[in-house]
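First the structure, in the form of structure tokens, and then the observations on it.
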Amino acid sequence: MAARLPSLSTSIAGWHGDERTVGSPLNAGELVAMRHTRLFGATGTVLMAIGALGAGARPVVQDPTFGVRLLNLPSRIQTVSLTMTTTGAVMMALAWLMLGRFTLGKRKMTRSQVDRTLLLWTLPLLIAPPMYSKDVYSYLAQSEISLQGKDPYRVGPAPGLGLDHVFTLSVPSLWRDTPAPYGPLFLWIGRGISSITGENIVEAVLFHRLVVLVGVGMIVWATPRLARRCGVAEVSALWLGPMNPLLFMHLVAGIHNEALMLGMMLAGTEFALRGIESATRLIPRPLAWPRGRAQWARWYPMGMLVAGTVLITSSSQVKLPSLLALGFVAMALACRWGGTVKAFFIAGGSLTAIALAVMAVIGWASGLGFGWLFTLGTANVVRSWMSPPTLLALGTGQVGLLLGLGDHTTAVLALTRAIGVSLIALIVTWLLLAVLRGRLHPVGGLGVALGATVLLFPVVQPWYLLWAIIPLAAWATRPGFRAAVIVVTLVVGIFGPTANGDRFALFQIVMATVASALIVLILMAATLHWLPWRAPPEPAAEDTDEPAAALPPDAPSRPVPPAPAADAYAESP
20 MAARLPSLST
30 SIAGWHGDER
40 TVGSPLNAGE
50 LVAMRHTRLF
60 GATGTVLMAI
70 GALGAGARPV
80 VQDPTFGVRL
90 LNLPSRIQTV
100 SLTMTTTGAV
110 MMALAWLMLG
120 RFTLGKRKMT
130 RSQVDRTLLL
140 WTLPLLIAPP
150 MYSKDVYSYL
160 AQSEISLQGK
170 DPYRVGPAPG
180 LGLDHVFTLS
190 VPSLWRDTPA
200 PYGPLFLWIG
210 RGISSITGEN
220 IVEAVLFHRL
230 VVLVGVGMIV
240 WATPRLARRC
250 GVAEVSALWL
260 GPMNPLLFMH
270 LVAGIHNEAL
280 MLGMMLAGTE
290 FALRGIESAT
300 RLIPRPLAWP
310 RGRAQWARWY
320 PMGMLVAGTV
330 LITSSSQVKL
340 PSLLALGFVA
350 MALACRWGGT
360 VKAFFIAGGS
370 LTAIALAVMA
380 VIGWASGLGF
390 GWLFTLGTAN
400 VVRSWMSPPT
410 LLALGTGQVG
420 LLLGLGDHTT
430 AVLALTRAIG
440 VSLIALIVTW
450 LLLAVLRGRL
460 HPVGGLGVAL
470 GATVLLFPVV
480 QPWYLLWAII
490 PLAAWATRPG
500 FRAAVIVVTL
510 VVGIFGPTAN
520 GDRFALFQIV
530 MATVASALIV
540 LILMAATLHW
550 LPWRAPPEPA
560 AEDTDEPAAA
570 LPPDAPSRPV
580 PPAPAADAYA
590 ESP
């Protein structure tokens, strides 16, 4: 019974595709191609950063580029700036796609090479204006409202600060009268930033970007550890998850609090599972104050579980959907205790008690209480085409207008969204029971649950896709799943953003899109022999003397594909 959960990773890994082979390092030719590809992607992020000076979500007032000759030039040629931003995003996405050759095959990049790539692509975006969204200005306004002693869950930026306040002026008109939909921990952090920066928009935005970097750091820390727990190659999980172009575009460049939410959720899940899987008995007996290193070690699993629960609950105080992770951790604990009804209630009740205590402490310490529970539906005013329930309602409403039946979009929208939420509840319940019975790994259950939540959510934004992509990257390895993620990433990453948070005329968007396509085609032709656009030819088995990759004792045996030729990616003269 005590060893049940550790065996879960092995059985489920066999179901979704075991990848626990120890990949060989890249050869000399592949190293050259990898470095060229990494540089190609970094050039793309530099173009994005420069283009953001004209096409980004710049503040209405306190724009640091205003009046500066060189820096102010992109804002006067917005179509060119939009072309640069779009071209840079496509270059980064294509570079990410090509790097997949070096993370999914037998010969893989090392962890340090992946980390350096992440750092290289992130640096140009750190000092760029916000891109693809103006949500960060709502963060600033709501934090300032809290700093002034008002309740951000009752008043929006306009009534709370005034229409002429420097923060309110940069908030989109749709959100100027709406209260904050975010948890008290995030607004507490924002209030601390506002107390340091005052009404300086540039400094406040940079501080919020630092918070995003902390979240991204936790994502990068937790993803390979969760992947190792699920039997998935670390660099493969890092490539599909933290290195995903959507993370650079919307979390780093867009400065969204999903970075902090996901980072705390994933780190908390790793801590909790570490505690559950390393204990033969979660609570040491006798219950005496530990003395000496050996006795303290007996309490280590309990400490890990509590720390993980606190982190997951804290992440829900940024955005609520991450609280799903606590349910899967509770079911993993109940599974470890035998999967009985008694284990279900004890595990669920214990973690729920800890979670409620953490929520109460955060609500009391921040002074914001539980008002956020009444503003969770604030974003529902948006009719997002990426949400299937909303899209179905909008389509049905248009059909009604064409048939002369009147506009019933609002009524149908309420119905389809209610059905979507009900389906989320059913799917999550089924997944929780599967984890309880030991038929599904908790990381996989969490990823699928968040995927269903995003798919059936009333409102879906491009960066919401990362809720599911990142945890699933640490668990799912089927080619069909990875192909779907690649297609969705490229489509949403390239075509999803609209005008980078500013309002562009249709002809500007069309011209920028056409120009970007031509520029990318020219770059592809110019780098045909410089970048790994095509897969290398596979050598015959007898031509390679590469030793077979080692497998762990519990990994299923299967044939190892031949290694690519050493000069397959050799640099062209």
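By the count of my numbering, the sequence shown reaches residue 592 at its end, each step adding exactly one. Glycine residues also receive a C-beta, built at the ideal position from the N, C-alpha and C atoms.
Please list the terminal residues of the continuous alpha helix (DSSP H) segment that includes residue 498. The count along the sequence shown starts at 1 and reaches residue 498 at position 479. Looking at the DSSP string, the run of the alpha helix (DSSP H) that includes residue 498 is 498-514.
Taking the alpha-carbon positions, what's the residue 319 to residue 344 distance? Numbered from its first residue, the sequence shown carries residue 319 at position 300. Numbered from its first residue, the sequence shown carries residue 344 at position 325. So the alpha carbons of these two residues sit roughly 21 Å apart.
Can you tell me whether residue 126 is helix, strand or coil according to DSSP? Counting from 1 along the sequence shown, the entry for residue 126 is found at position 107. Strand.
Does the beta-carbon of residue 418 have 16 or more other beta-carbons within 10 angstroms, so that it is buried, or is it exposed? Counted from its first residue, the sequence shown places residue 418 at position 399. Residue 418 is exposed by the Cβ-count criterion.
Using a beta-carbon distance below 8 Å, is residue 83 in contact with chain D? Of the chains in the structure shown, none is chain D; there is only one protein chain.
Could you check where the alpha helix (DSSP H) with residue 3 kicks off and where it finishes? Here the chain covers residues 20 to 592 and nothing more, so residue 3 does not appear.
How far does the alpha helix (DSSP H) with residue 451 in it extend, from its first residue to its last? Within the sequence shown, the letter at position 432 stands for residue 451. Start and end: 428-455.
Distance check for residue 62 and residue 98, CA to CA, integer angstroms please. Sequence index remark: in the sequence shown, residue 98 carries index 79 (1-based). Sequence index remark: in the sequence shown, residue 62 carries index 43 (1-based). Cα to Cα, residue 98 sits roughly 20 Å from residue 62.
Within 8 Å, strictly: CB atoms of residue 202 and residue 361: Position 183 of the sequence shown, counted from the first residue, corresponds to residue 202. Position 342 of the sequence shown, counted from the first residue, corresponds to residue 361. Not in contact: residue 202 and residue 361 (Cβ atoms no closer than 8 Å).
Own chain residues within Cβ distance below 6 Å of residue 439, not counting five before or after: Here the question's residue 439 lines up with position 420 in the sequence shown. So the qualifying residues of the chain are 408, 475.
Apart from the five residues on each side of it in sequence, which residues of its chain come closer than 8 Å, Cβ to Cβ, to residue 186? Taking the sequence shown and counting its residues from 1, one reaches residue 186 at position 167. The residues are 156, 159, 160, 163, 176, 180, 218, 220.
Kindly list the residues whose CB is nearer than 8 Å to the CB of residue 425, restricted to its own chain and excluding five residues on each side of it in sequence; keep chain order. Along the sequence shown, one-based indexing puts residue 425 at 406. Once the five neighbours on either side are set aside, the close Cβ partners of residue 425 are 419.
Looking at the secondary structure, which residues open and close the alpha helix (DSSP H) in which residue 466 lies? Translated into the one-based positions of the sequence shown, residue 466 becomes position 447. Element bounds for residue 466: 461-475.
Environment of residue 167 [buried if 16+ CB atoms lie within 10 Å]: Taking the sequence shown and counting its residues from 1, one reaches residue 167 at position 148. With fewer than 16 other Cβ atoms within 10 Å, it is exposed.
Neighbourhood of residue 349 by C-beta, 6 Å cutoff - its chain only, sequence neighbours within 5 removed: Walking along the sequence shown from the start, residue 349 turns up at place 330. So the qualifying residues of the chain are 366, 367, 370.
Short check: CB of residue 261 to CB of residue 239, under 8 Å? Indexing the sequence shown from 1 puts residue 261 at position 242. Indexing the sequence shown from 1 puts residue 239 at position 220. Taking 8 Å as the Cβ cut-off, residue 261 and residue 239 qualify as a contacting pair.
In the structure shown, what three-state DSSP assignment does residue 402 receive? In the sequence shown, residue 402 corresponds to position 383, counting from 1. Coil.
Could you spell out the range, first to last residue, of the alpha helix (DSSP H) harbouring residue 110? On the sequence shown, position 91 is the one that residue 110 refers to. Residue 110 -> alpha helix (DSSP H) spans 97-118.
Residues in its own chain within less than 7 Å of residue 195 by CB, not counting five upstream and five downstream? What you label residue 195 is simply residue 176 of the sequence shown in a count that begins at 1. Excluding residues within five positions, the ones whose Cβ falls inside 7 Å are 175, 176, 177, 187.
Residue 277 and residue 244 - do their beta-carbons sit closer together than 8 Å? For the purposes of this step, residue 244 is taken as the residue at position 225 of the sequence shown. For the purposes of this step, residue 277 is taken as the residue at position 258 of the sequence shown. Going by C-beta atoms, residue 244 is not nearer than 8 Å to residue 277.
Which of the three DSSP states, helix, strand or coil, is assigned to residue 361? Within the sequence shown, the letter at position 342 stands for residue 361. Helix at residue 361.
From residue 514 to residue 297, what distance separates their C-alpha atoms? As a working note, residue 514 is residue 495 in the sequence shown. As a working note, residue 297 is residue 278 in the sequence shown. Taking the straight line joining both Cα atoms gives about 45 Å.
Please list, in chain order, all residues of the same chain as residue 566 whose beta carbon is under 6 Å from its beta carbon, the five residues on each side excluded. To locate residue 566, count along the sequence shown from 1; it is residue 547. Note on residue 566: pLDDT 42, under 50, position unreliable in the model; no value is reported.
Got a sec? Which residues, its chain only, sit under 7 Å from residue 128 by beta carbon, not counting five neighbours each side? Taking the sequence shown and counting its residues from 1, the one referred to as residue 128 is at position 109. 45, 53, 121, 122, 254, listed in sequence order.
How should residue 498 be labelled, buried or exposed, when 16 other C-beta atoms within 10 angstroms of its C-beta is the threshold for buried? Mapped onto the sequence shown, residue 498 falls at position 479. Its Cβ having fewer than 16 others within 10 Å, residue 498 is exposed.
CA-CA distance, residue 268 and residue 508? Start at 1 with the first residue of the sequence shown, and residue 268 comes out as number 249. Start at 1 with the first residue of the sequence shown, and residue 508 comes out as number 489. Cα to Cα, the separation comes out at about 11 Å.
Quick one: residues in its chain with C-beta nearer than 7 Å to the C-beta of residue 223, no 5 flanking neighbours on either side, listed in chain order? Counted from its first residue, the sequence shown places residue 223 at position 204. Same-chain partners within the cutoff: 159, 212, 213, 216.
CA-to-CA distance, residue 291 to residue 324, given in whole angstroms: Here residue 324 refers to the residue found at position 305 of the sequence shown. Here residue 291 refers to the residue found at position 272 of the sequence shown. Taking the straight line from one Cα to the other gives about 4 Å.
Contact check, residue 67 vs residue 112, beta carbons under 8 Å: Taking the sequence shown and counting its residues from 1, one reaches residue 67 at position 48. Taking the sequence shown and counting its residues from 1, one reaches residue 112 at position 93. Against a cut-off of 8 Å, the Cβ pair of residue 112 and residue 67 comes out as no contact.
Validate contact between the region 129-146 and the region 532-548 using beta carbons, cut 8 Å, 3 pairs: no
Which same chain residues end up closer than 7 Å to residue 106 when comparing Cβ atoms and leaving out the 5 residues on each side of it in sequence? Indexing the sequence shown from 1 puts residue 106 at position 87. Answer for residue 106: 66, 535, 538, 539, listed in chain order.
So what's residue 67 in DSSP terms, helix, strand or just coil? Counting from 1 along the sequence shown, the entry for residue 67 is found at position 48. Three-state result, residue 67: helix.
Cβ separation of residue 464 and residue 454, assumed to be a contact under 8 Å, to the nearest whole Å: Start at 1 with the first residue of the sequence shown, and residue 464 comes out as number 445. Start at 1 with the first residue of the sequence shown, and residue 454 comes out as number 435. Confirmed, Cβ separation roughly 5 Å.
C-beta atoms of residue 450 and residue 442 nearer than 8 Å: In the sequence shown, the residue the question calls residue 450 occupies position 431. In the sequence shown, the residue the question calls residue 442 occupies position 423. It is not a contact, given that the beta carbons lie outside the stated cut-off.
Going by beta-carbon coordinates alone, are residue 230 and residue 270 separated by less than 8 Å? Locating residue 230 in the sequence shown gives position 211, counting from the first residue. Locating residue 270 in the sequence shown gives position 251, counting from the first residue. No. Outside cutoff.
Starting from residue 286, trace the alpha helix (DSSP H) in both directions and tell me its first and last residue. Position 267 of the sequence shown, counting from 1, holds the residue named residue 286. It spans 277-296 - the alpha helix (DSSP H) in which residue 286 sits, taken as one unbroken run.
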